[in-house]
Amino acid sequence: MLCYDHHTKTCCCFNVQKCAFTFALIGFVFNLMALIPIFLPFWPTSQEIQSLSVGKTFHFAICALMFLSILFAYKLRKSWLYKPYLIYMGVALALSIFGCLTYLYFLIVDPQSLLDEQKRKEHPGKAMADSEARSIAAAWLALMAVYVLFSSWIYSVIYRAYVTQKEEEAGGQFAQMGGEHFSKV
Numbered sequence: 019m020l021c022y023d024h025h026t027k028t029c030c031c032f033n034v035q036k037c038a039f040t041f042a043l044i045g046f047v048f049n050l051m052a053l054i055p056i057f058l059p060f061w062p063t064s065q066e067i068q069s070l071s072v073g074k075t076f077h078f079a080i081c082a083l084m085f086l087s088i089l090f091a092y093k094l095r096k097s098w099l100y101k102p103y104l105i106y107m108g109v110a111l112a113l114s115i116f117g118c119l120t121y122l123y124f125l126i127v128d129p130q131s132l133l134d135e136q137k138r139k140e141h142p143g144k145a146m147a148d149s150e151a152r153s154i155a156a157a158w159l160a161l162m163a164v165y166v167l168f169s170s171w172i173y174s175v176i177y178r179a180y181v182t183q184k185e186e187e188a189g190g191q192f193a194q195m196g197g198e199h200f201s202k203v
């Protein structure tokens, strides 16, 4: 992992759990800011409120709750509170990687619908040229690749915080049992 020291369990010169807390705090604030127009119907930008779909609202609310669970995981010292984020973002990252592979496919292979449109030429000037379609796919691929890399890094930091918290919980349980030999197994 980038900037991670395994021996001291630090990332970017901070404890991994503090980094996860910081990422969660930033994510929670940004998701709450995205939800503000929904709760203020008298706000002058009512067109923006109407443009927010139910899916986006649901996504922002779930992400805010997941980031809130990471904040509680840090404060309450419970490792299981990291799991909602890890599961949801694991699925989201897998789908994002699938999207990157799809855009890569469109860069390599011409879609049949584009070829059919070029053959028909029913609406000259409205059909998308091959080079234009490829440049759009390349731009989306680059943006998605940056998103996947950055999200993977944040995911790995939060996963390391989860593992560190789990080790601390296990160490506390072993100390309660009164045996030092359990921690060496």
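Just so you know, we're using our numbering here: the sequence shown kicks off at 19 and counts up by one.
C-beta: ideal position from N, C-alpha, C; glycine also.
Asked: Measuring alpha carbon to alpha carbon, tell me which of Met107, Leu161, Ser97 and Lys96 ends up nearest alanine 82.; Found: Met107
Asked: Taking contact to mean 3 or more Cβ pairs, one atom from each stretch, closer than 8 Å, check whether the stretch 154 to 170 and the stretch 71 to 80 are in contact.; Found: no
Asked: Just confirm the distance between the C-beta atoms of glutamine 85 and alanine 42, as a whole number of angstroms; I'd bet it's less than 8 Å.; Found: The sequence shown places phenylalanine at residue 85, not glutamine. Correct: roughly 4 Å between the Cβ atoms.
Asked: Residues in its own chain within less than 7 Å of serine 35 by CB, not counting five upstream and five downstream?; Found: Looking at the sequence provided, one finds glutamine at residue 35 rather than serine. Tyr92, Ala179, Thr182 and Gln183, listed in sequence order.
Asked: Of all the options Ser87, Tyr165, Gly117 and Leu122, which has the alpha carbon lying nearest to the alpha carbon of lysine 101?; Found: Ser87
Asked: Could you pull the start and end residues of the alpha helix (DSSP H) that serine 87 belongs to?; Found: 72 to 94
Asked: May I ask you to report which of helix, strand or coil DSSP gives valine 164?; Found: helix
Asked: Check valine 127 in the structure and name its three-state DSSP category.; Found: coil
Asked: Using CA atoms only, rank isn't needed, just tell me which of Tyr173, Gly117, Glu186 and Ala188 is closest to phenylalanine 39.; Found: Tyr173
Asked: Does the Cβ of leucine 99 have 16 or more other Cβ atoms within 10 Å, making it buried, or fewer, making it exposed?; Found: buried
Asked: Can you have a look at glycine 45 and say buried or exposed, based on whether 16 or more other CB atoms are within 10 angstroms of its CB?; Found: buried
Asked: Can you have a look at tyrosine 123 and say buried or exposed, based on whether 16 or more other CB atoms are within 10 angstroms of its CB?; Found: exposed
Asked: What whole-angstrom Cβ distance do valine 166 and cysteine 37 have, given they're in contact under 8 Å?; Found: With 8 Å as the limit, valine 166 and cysteine 37 do not qualify as a contact, their Cβ atoms being about 19 Å apart.
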